[in-house]
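Q: After the structure tokens below, expect a handful of questions from me.
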Amino acid sequence: MEKAYDPKQVEQRWYQAWADRGSFHASVTGPGSPYVIVIPPPNITGSLHMGHALNNTIQDILIRWRRMQGRNALWVPGTDHAGIATQNVVEKQLLAEGTTRDKLGRDRFIQRVWEWKARSGGAIIEQLKRLGSSCDWERLRFTMDEGLSKAVREVFVRLYEDGLIYRGERLINWCPRCLTALSDIEVEHEDATGKLYHIRYPLADDPPAHLTVATTRPETMLGDTGVAVHPEDPRYNRFIGKKVRLPLTRREIPIVGDPILVNREFGTGAVKITPAHDFNDFEAGDRHGLARIALFDQQARLDPGGLRDAQVDDALQARLASTPVREARALVVEALEKGGFLARIEDHAMALGKCYRCKTVVEPYLSPQWFVKIRPLAAPAIKAVESGQIRLIPEQWTNNYLGWMRDIKDWCISRQIWWGHQIPAWYCVNCGRDTGTLLETSKHSYTLTAEAKPLVARHAPSHCPDCGHHQLVRDPDVLDTWFSSALWPFSTLGWPDDTPELKTFYPTSTLVTGFDILFFWVARMIMMGLKFMGREPFRDVYIHALVRDAEGQKMSKSKGNVIDPLAVMDKYGTDALRFTLAAMASPGRDIKLSEERIEGYRNFANKLWNAGRFIVMNLEGPRATAPVAERPVADRWILSRLHRCIGEVTASLETYRFDEAANTLYHFIWHEYCDWYVELAKPALADKASPEAALTRTTLIETFETLLRLLHPFMPFITEEIWQAIPHAGESIMVARYPTMDGAFIDEVVERETEVTLNVIAEVRNMRSVHKAASFKHLSGMVWVEDEVIARHLEAKRPLISKLAGLTDLKIRKMKDKAAELPANAATGSVVLPGGHLLDIAIPLSADTMDIPREITQKEKRLKELTGQLEQDEKKLSNPEFVAKVPPDVLKKTQARHEERRIEHHRLSGELQRLRRMAAGGSA
RNA sequence: GGGCGGAUAGCUCAGCUGGUCAGAGCGCUGCCCUUACAAGGCAGAGGUCACAGGUUCGACCCCUGUUCCGCCUACCA
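Residue numbers (the numbering used here): 6 to 929.
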């Protein structure tokens with residue numbers, strides 16, 4: 006083995022070996038109860054970022070752990086077609102080639118996307134493999150696969166037949182750059198400082214008088230079709246039923262009373278109503294039967310037709326036609342000011358909606374779209390979480406989820422793009438012409454009005470059921486990408502066909518995801534799973550944090566603070582990255598990732614590696630086994646500690662506490678196994694052929710092999726590499742059994758005893774350090790003990806203590822002889838043993854070696870600390886209420902602790918007196 | 001506006017149902033190339049647990065309020 010661990014030459018080799026052996030594959034007939042995870046499918050346009058790394062590390066830990074436990078563990082991988090994002094990527098390519106998708110046409114464009122996908126869409130899958138993800142690659146799925154597309158059509162048709170999908174003209178969020186509708190949650194709200202414009206609207210029958218309205222979007226006033234005041238507002242309610250003259254237009258619009266829309270305290274207390282450009286106004290317009298005048302075109306420019314409909318003053322019409330909204334605002338404000346309509350402008354904090362894909366400001370836009378009527382689907386999805394059938398972990402998210410679900414709005418699922426699942430709805434050209442719902446804009450190009458009658462079917466209908474005509478056109482829209490991801494837990498297992506996979510693996514066990522897609526994805530999977538499978542899609546939803554940079558900033562390319570997981574894996578190794586992410590995955594808290602932290606865990610990997618080297622170097626020689634009780638104390642100690650560790654790690658994994666599990670492993674391996682056990686074992690191994698060495702060798706190897714298995718889900722590569730180099734049973738650690746805690750190995754007596762040994766060693770080291778005597782080789786030590794049992798124990802450990810504390814000689818004596826035996830010049834220390842017994846230590850030093858002032862300082866500090874603690878104890882113990890009310894075991898503990906402290910305090914005071922006398926120049 | 005979360009060592013964070021819980025890692029300081037490991041060993045310094053009240057025999061932990069910082073959500077135009 007090399008002196009330092011080199012991940013590069015290890016990782017790829019083992020991943021390949023696992024794959025070749027078929028270890029990732031789960032069969033429907035496999036043994037063990039199924040444990041199933043479906044991957045949150047990454048976008049095919051995506052490249053592995055830290056969020057993916059965290060997400061997949063956690064899934065892999067769970068899957069490897071369950072697989073090792075003997076479960077039939079399946080991790081279904083796949084990718085998502087990401088409609089808008091992917092289309093954007095390919096359109097950009099076309100632009101570079103000097104063409105556009107419109108020039109190419111729909112079919113050829115889609116062909117191009119598939120070509121792009123074939124070339125570049127698999128990158129992220131390869132990156133997941135580098136992470137060590139043990140997915141069942143034979144079951145790789147893509148949301149646009151034939152099977153999954155079939156599922157999408159089936160769901161669409163059935164929801165339509167159940168009246169849960171409808172088509173209609175609504176105000177929707179429109180991205181003027183992507184030229185498509187977005188669902189409510191695809192809009193990101195960003196705080197912005199805008200302005201509040203106060204505009205005077207003259208009363209139609211009393212022109213000098215006016216009503217002043219306040220708005221943040223003055224340019225939309227051209228489309229106003231009413232003004233609202235509160236019906237109980239004495240300032241204005243007498244105007245209800247009258248009209249105002251809409252400035253800059255030739256129109257008069259009514260004043261209505263509306264207690265819902267109007268907030269009397271805000272602005273002027275009067276609101277303009279623009280039903281075609283604002284969601285609230287849309288509803289208010291409905292309530293009062295107001296017209297809707299759409300002013301903007303798809304690119305959010307002022308539409309000449311709209312301006313005409315709005316009867317805008319001719320001169321202004323000419324100036325505004327086809328100007329983008331942003332510029333139009335200035336022009337409208339200018340015109341208002343000129344006309345004397347502008348009362349004032351004030352600063353105003355507001356939220357601006359932006360497209361989550363391209364950050365363009367979205368516009369409420371009136372257009373015919375498809376919607377899912379969501380409430381009937383949400384109700385069971387709410388119940389499933391309320392009843393605990395589905396658990397969200399950490400559970401804080403439950404409220405979030407329920408709150409959103411209870412207030413859920415219909416889901417706009419149509420997108421005006423080409424890449425995606427085209428809606429399975431057709432329209433009869435003949436009927437459409439007759440009813441005027443289908444307008445031929447050019448050859449083979451139609452516009453469908455909101456009233457067009459769709460024919461929804463699983464396959465293209467051959468003729469119109471109403472008129473029998475054969476010329477049918479398909480709805481050009483595609484479905485929201487999340488519509489297909491919502492089916493992921495069952496579409497990937499073969500639904501709508503009745504497959505063995507569905508029978509065995511559905512419902513899945515755990516979903517691992519970030520909270521940012523709780524609504525986008527998780528909620529919708531629950532609704533669809535319950536609707537179409539009649540069962541929840543998963544039992545547990547583990548929601549992990551966001552990965553941020555060391556300053557807590559969200560990582561983004563534009564900020565340049567991205568830590569690239571691939572670069573990290575190159576530099577520090579995959580295992581180090583995985584372990585870092587696991588160790589930092591504290592529930593409910595974002596991960597602030599820093600490179601130093603990863604480096605620390607790279608060092609941990611190296612530590613493990615070198616422990617492995619030590620074992621390999623000590624393989625030679627006989628091995629003997631014996632019942633635990635007959636093994637050397639150090640062995641019994643590490644076995645006891647190991648089994649506690651196994652219990653803790655397993656409990657942590659069961660509760661999704663990856664951070665706890667990782668930290669427990671780190672601490673145990675480094676600070677118990679390596680720092681202590683390996684050191685304790687060394688003397689025992691010194692004489693290779695001795696019976697003690699034979700026993701120790703066995704324990705050394707067995708415990709190490711066990712902890713490798715325990716660690717494997719977190720650090721799959723290095724554990725496999727080392728495991729293969731030491732004695733083991735089986736082909737691969739990946740399919741070896743996960744360790745289970747065996748209480749028979751837990752031995753509290755041995756743990757306590759060993760602790761005494763370790764404390765004595767630590768105390769001697771401390772004494773050496775105080776006197777800077779570390780480099781003096783030939784030091785002897787003396788120990789005085791009160792308790793006979795402890796004395797015998799220490800006597801047995803004498804060679805070991807001497808060795809680890811670096812003493813050439815160690816005398817163990819009775820406490821009563823201490824005064825007579827204490828050398829004149831000696832560093833001193835004591836250890837308080839359980840039960841209040843005391844153990845004193847001295848290391849004879851030469852007078853010039855001793856750093857008496859330093860020892861005094863150190864002991865004074867400890868004395869002060871003790872004094873404070875003693876006071877606290879005494880306060881408690883002298884309080885009758887405390888003694889009366891406290892549980893007996895706590896009282897006993899407090900008393901015992903107090904006694905120990907009292908003894909130590911007494912001893913320390915004596916020592917200090919002696920030291921002070923020495924410092925003053927006298928001899929002891 | 002509503003909701004959620006956070007504030008603990010220089011930094012990043014643990015601290016589970018109140019009773020050695022004041023901890024870990026990194027960083028820092030001192031001493032060490034001790035035959036697995038300098039990506040290391042040994043030892044050490046460092047905190048009024050945001051602030052103010054309250055409950056309790058006892059509070060980092062529970063309650064109330066305050067301040068600051070995140071995030072989600074919302075139609076105050």
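Ideal Cβ positions, reconstructed from N, Cα and C, are used throughout, including at glycine.
Report the partner residues of Trp416 according to the DSSP bridge assignment.
A: Start at 1 with the first residue of the first sequence, and residue 416 comes out as number 411. Its beta-bridge partners are Val377.
Q: Using the C-alpha atoms, what's the distance from Val366 back to His464?
A: By 1-based counting over the first sequence, the position of residue 464 is 459. By 1-based counting over the first sequence, the position of residue 366 is 361. If I take the Cα positions, the gap works out to 37 Å.
Q: Helix, strand or coil, according to DSSP, for Cys433 in the structure here?
A: Position 428 of the first sequence holds residue 433. Cys433 falls in the strand class under three-state DSSP.
Q: Just grab the DSSP bridge partners of Arg146 for me.
A: As a working mapping, residue 146 is identified with position 141 in the first sequence. Per DSSP, Gly83.
Q: Just reading off the beta strand (DSSP E) that Pro570 is part of, what are its end residues?
A: Working through the first sequence from its first residue, we reach residue 570 at position 565. Looking at the DSSP string, Pro570 is not in any beta strand (DSSP E); the run it does join, the alpha helix (DSSP H), is Pro570 to Tyr577.
Q: Skipping 5 residues on each side, what residues in its chain have a beta carbon closer than 8 Å to that of Thr221?
A: Taking the first residue of the first sequence as position 1, residue 221 is located at position 216. Correct list, in chain order: Gly199, Lys200, Leu201, Tyr202, His353 and Met355.
Q: Run the CB neighbour count on Gly311, radius 10 Å, all protein chains shown included, and call it buried at 16 or more, exposed below.
A: As a first step, residue 311 must be located in the first sequence, where it is residue number 306. Its Cβ being crowded by 16 or more others within 10 Å, Gly311 is buried.
Q: Pick from Ala156, Leu913 and Tyr547: whose alpha carbon is nearest that of Glu659?
A: Within the first sequence, numbered from 1, the residue matching residue 659 stands at position 654. Ranking Ala156, Leu913 and Tyr547 by Cα distance to Glu659 puts Tyr547 first.
Q: Using a Cβ distance threshold of 8 Å, determine whether the segment 707-722 contacts the segment 566-584, with at least three qualifying pairs required.
A: Yes, since at least three Cβ pairs between the segment 707-722 and the segment 566-584 fall closer than 8 Å, the two stretches touch.
Q: Expressed to the nearest angstrom, what Euclidean distance is found between the alpha-carbon atoms of His910 and Asp595?
A: Residue numbering aside, residue 910 sits at position 905 when the first sequence is read from its first letter. Residue numbering aside, residue 595 sits at position 590 when the first sequence is read from its first letter. Distance between the alpha carbons of His910 and Asp595 is about 45 Å.
Q: Per DSSP, what kind of secondary structure is Lys200 in: helix, strand or coil?
A: Mapped onto the first sequence, residue 200 falls at position 195. Lys200 falls in the strand class under three-state DSSP.
Q: Which of the three DSSP states, helix, strand or coil, is assigned to Ala78?
A: To locate residue 78, count along the first sequence from 1; it is residue 73. Here Ala78 sits in strand by DSSP.
Q: Rounded to the nearest angstrom, what separates Leu920 and Gly811 at their Cα positions?
A: The residue given as residue 920 occupies position 915 in the first sequence. The residue given as residue 811 occupies position 806 in the first sequence. About 24 Å.
Q: Is the CB-CB distance between Gly262 and Ile245 below 7 Å?
A: For the purposes of this step, residue 262 is taken as residue 257 along the first sequence, with counting starting at 1. For the purposes of this step, residue 245 is taken as residue 240 along the first sequence, with counting starting at 1. Closer than 7 Å, so yes.
Q: Mapping DSSP to helix, strand and coil, what is Pro744?
A: By 1-based counting over the first sequence, the position of residue 744 is 739. Correct three-state label for Pro744: coil.
Q: So Ile817 is in the beta strand (DSSP E); what residue range does that whole segment cover?
A: The residue given as residue 817 occupies position 812 in the first sequence. Looking at the DSSP string, the run of the beta strand (DSSP E) that includes Ile817 is Asp814 to Lys819.
Q: Would you tell me roughly how many angstroms separate the C-alpha atoms of Ala78 and Leu498, rounded to the nearest one?
A: Along the first sequence, read from residue 1 onward, the residue named residue 78 stands at position 73. Along the first sequence, read from residue 1 onward, the residue named residue 498 stands at position 493. Approximately 14 Å between the Cα atoms of the pair.
Q: Could you check how far apart the C-beta atoms of Ile170 and Trp23 are, in whole angstroms? I think they sit under 8 Å.
A: Taking the first sequence and counting its residues from 1, one reaches residue 170 at position 165. Taking the first sequence and counting its residues from 1, one reaches residue 23 at position 18. Rounded, the Cβ-Cβ distance is 44 Å, inconsistent with contact.
Q: Among the candidates Lys448, Ala457 and Ser450, whose CA atom is the shortest distance from the CA of Gly441?
A: As a first step, residue 441 must be located in the first sequence, where it is residue number 436. If we check each option's Cα against that of Gly441, Ala457 comes out closest.
Q: Hey, quick one: how far does the beta strand (DSSP E) through His353 stretch, first residue to last?
A: Locating residue 353 in the first sequence gives position 348, where the first residue counts as 1. From DSSP, the beta strand (DSSP E) with His353 extends over Leu347 to Cys360.
Q: Just how far apart, CA to CA, sit Arg124 and Met149?
A: Within the first sequence, numbered from 1, the residue matching residue 124 stands at position 119. Within the first sequence, numbered from 1, the residue matching residue 149 stands at position 144. Looking at the two C-alpha atoms, the distance is approximately 16 Å.
Q: CA-CA distance, Ala335 and Asn242?
A: Start at 1 with the first residue of the first sequence, and residue 335 comes out as number 330. Start at 1 with the first residue of the first sequence, and residue 242 comes out as number 237. Answer to the nearest angstrom: the Cα atoms are 32 Å apart.
Q: Give a yes or no on whether the C-beta atoms belonging to Pro223 and Val337 are separated by under 7 Å.
A: As a first step, residue 223 must be located in the first sequence, where it is residue number 218. As a first step, residue 337 must be located in the first sequence, where it is residue number 332. Result yes, Cβ atoms of Pro223 and Val337 sit closer than 7 Å.
Q: Would you be able to state if there are at least three C-beta pairs under 8 Å between the segment 103-123 and the segment 503-516?
A: Segments in contact, no.
Q: What residues match up with Phe301 in a beta bridge as DSSP calls it?
A: For the purposes of this step, residue 301 is taken as the residue at position 296 of the first sequence. Answer is Leu307, bridged to Phe301.
Q: CA-CA distance, Lys802 and Tyr682?
A: Within the first sequence, residue 802 is the residue found at index 797, counting from 1. Within the first sequence, residue 682 is the residue found at index 677, counting from 1. Taking the straight line joining both Cα atoms gives about 14 Å.
Q: Report back the beta-carbon spacing between Ala281 and Ile298 to the nearest angstrom; my notes put them in contact at under 8 Å.
A: As a position in the first sequence, residue 281 is number 276, starting the count at 1. As a position in the first sequence, residue 298 is number 293, starting the count at 1. Between Ile298 and Ala281 the Cβ distance is about 6 Å, and since that is below 8 Å, they are a contact.
Q: Spatial neighbours of Ala606 within its chain, please: C-beta separation below 6 Å, excluding the five flanking residues on both sides.
A: For the purposes of this step, residue 606 is identified with residue 601 of the first sequence, where counting begins at 1. Here the sequence assigns Tyr to residue 606, which means Ala is not the residue at that position. Within the same chain, Tyr606 has close Cβ partners Ala581, Phe584 and Thr585.
Q: If you drop the 5 nearest sequence neighbours on each side, which residues of the same chain put their C-beta closer than 6 Å to that of Phe346?
A: In the first sequence, counting from the first residue as 1, residue 346 sits at position 341. The answer, listed in chain order, is Ile204, Arg205 and Pro252.
Q: Specify, as a first and last residue, the run of the beta strand (DSSP E) that Cys650 falls within.
A: Mapped onto the first sequence, residue 650 falls at position 645. Not the beta strand (DSSP E): Cys650 falls in the alpha helix (DSSP H), residues Val638 to Glu659.
Q: Per the contact definition of three or more C-beta pairs closer than 8 Å, is the segment 52-62 in contact with the segment 129-143?
A: These segments touch.
Q: Within its chain, find whatever has a CB closer than 7 Å to the CB of Ile766; leave out the 5 residues flanking it on each side and keep chain order.
A: Start at 1 with the first residue of the first sequence, and residue 766 comes out as number 761. So the qualifying residues of the chain are Ile806, Leu809 and Ala810.
Q: Classify Lys13 as buried or exposed, calling it buried when 16 or more other Cβ atoms lie within 10 Å of its own Cβ.
A: Stepping through the first sequence from its first residue, residue 13 is reached at position 8. It counts as exposed.
Q: Tell me whether Arg237 sits in a helix, a strand or coil according to DSSP, three-state version.
A: The residue given as residue 237 occupies position 232 in the first sequence. With the sequence shown as reference, residue 237 is identified as Glu, and Arg is not the correct amino acid for it. In the structure shown, Glu237 sits in coil (DSSP, three-state: anything other than H, G, I, E or B).
Q: Indicate whether the contact test is met: 3 or more Cβ pairs, each with one atom in the segment 670-681 and one in the segment 18-35, closer than 8 Å.
A: Contact between the segment 670-681 and the segment 18-35 is absent, because fewer than three Cβ pairs lie under 8 Å.
Q: Could you name the residues of the same chain whose beta carbon sits closer than 7 Å to that of Phe663, not counting the 5 residues immediately before and after it, in chain order?
A: As a position in the first sequence, residue 663 is number 658, starting the count at 1. Correct list, in chain order: Ile63, Ile66, Ala587 and Ala590.
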